[in-house]
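Visitor:
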Amino acid sequence: MMHKFWLDTPIADMTEQQWEALCDGCGKCCLQKIIDDEAPLMYHTRVACEYLDLKTCQCQVYDQRQLKVPDCTKVSPDNVDDFHWLPETCGYRLVAAGHDLPDWHPLQTGDVKSPIKAGMTVKKWAVSERKVAPDNWGEYIIEIQQLDEDQ
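Under the numbering used here, think of the first position of the sequence shown as 23, with each following residue one higher.
1. Using CA atoms only, rank isn't needed, just tell me which of Met-36, Tyr-65, Thr-31 and Cys-79 is closest to Trp-134.
2. Please report the distance separating the alpha-carbon of Ser-98 from that of Trp-41.
3. Do you know whose CA, among Val-144, Asp-122, Arg-152 and Pro-156, lies nearest Arg-68's CA?
4. Based on Cα-Cα distance, which residue from Gly-132, Glu-110 and Lys-153 lies nearest to Met-142?
5. Secondary structure at Leu-63, three-state DSSP: helix, strand or coil?
6. Please determine, among Pro-137, Gly-132, Ala-155 and Tyr-114, the residue with the shortest C-alpha to C-alpha distance to Ala-34.
7. Under the DSSP definition of a beta bridge, which residues are partnered with Asp-75?
8. Is the separation between the beta-carbon of His-127 and that of Asp-30 shorter than 8 angstroms?
9. For Val-149, name the three-state secondary structure that DSSP assigns.
10. DSSP puts Leu-53 in a beta bridge; with which residues?
11. So what does Pro-138 bridge to, in DSSP terms?
12. When the distance is taken between beta carbons, is Glu-151 closer than 8 angstroms to Cys-81?
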């Protein structure tokens with residue numbers, strides 16, 4: 023059985039490899055958001071970044087994502103607490119708050135496909151932004167709770 027490093031290693035002390043391994047590959051952070059600057063509110067949509075492979079829920083350009091999509095979310099130990107919109111099941115968010123990872127997380131199962139098998143990814147309900155014009159994203163607004171409840 024693998025040592026559960028995330029339970030006894032402070033996030034500030036994690037290696038980049040350990041930190042990256044906390045990502046469960048759900049794809050939820052890759053969903054497009056609509057910002058209402060007047061309110062200010064953030065609306066989540068079912069529209070996924072064009073680079074998210076909806077079959078595997080993995081970024082197709084991960085190493086170049088900041089170049090291809092300058093406003094791509096890059097969660098780090100320094101900024102994880104700033105992203106309150108991340109789903110409650112997010113490995114980064116859970117570990118930063120001192121919690122264990124869910125049973126379906128790849129670090130718990132040893133299987134990178136376990137989040138898909140558990141129905142915890144965007145695979146079944148997201149649509150690529152290649153198929154939806156930005157002006158129409160409003161038609162795809164969802165509640166953040168639906169990300170985890172409507173699997």
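The beta carbon of each residue, even a glycine, is placed where N, CA and C say it ideally should be.
Guide: From the atom records:
1. To locate residue 134, count along the sequence shown from 1; it is residue 112. Note that residue 134 is Val in the sequence shown, not Trp. Closest by alpha carbon: Cys-79.
2. Within the sequence shown, the letter at position 76 stands for residue 98. Within the sequence shown, the letter at position 19 stands for residue 41. When rounded, the distance between both Cα atoms is 8 angstroms.
3. One-based indexing of the sequence shown puts residue 68 at position 46. That would be Val-144, whose Cα lies nearest to the Cα of Arg-68.
4. Within the sequence shown, residue 142 is the residue found at index 120, counting from 1. With distances taken between Cα atoms, Met-142 lies closest to Glu-110.
5. What you label residue 63 is simply residue 41 of the sequence shown in a count that begins at 1. Residue state, collapsed to three classes: strand.
6. As a first step, residue 34 must be located in the sequence shown, where it is residue number 12. Of the listed residues, the one whose Cα sits closest to Ala-34 is Tyr-114.
7. Translated into positions along the sequence shown, residue 75 becomes position 53. Note: Asp-75 sits in a beta bridge opposite Gln-80.
8. Within the sequence shown, the letter at position 105 stands for residue 127. Within the sequence shown, the letter at position 8 stands for residue 30. Result no, Cβ atoms of His-127 and Asp-30 do not sit closer than 8 angstroms.
9. As a first step, residue 149 must be located in the sequence shown, where it is residue number 127. Val-149 falls in the strand class under three-state DSSP.
10. Counting from 1 along the sequence shown, the entry for residue 53 is found at position 31. DSSP output for Leu-53 lists Ala-70 as bridge partner(s).
11. If you number the sequence shown from 1, residue 138 lands on position 116. A small fix is needed here, since residue 138 is Ile in this sequence, not Pro. None, per the DSSP bridge assignment.
12. Position 59 of the sequence shown holds residue 81. Position 129 of the sequence shown holds residue 151. Result no, Cβ atoms of Cys-81 and Glu-151 do not sit closer than 8 angstroms.
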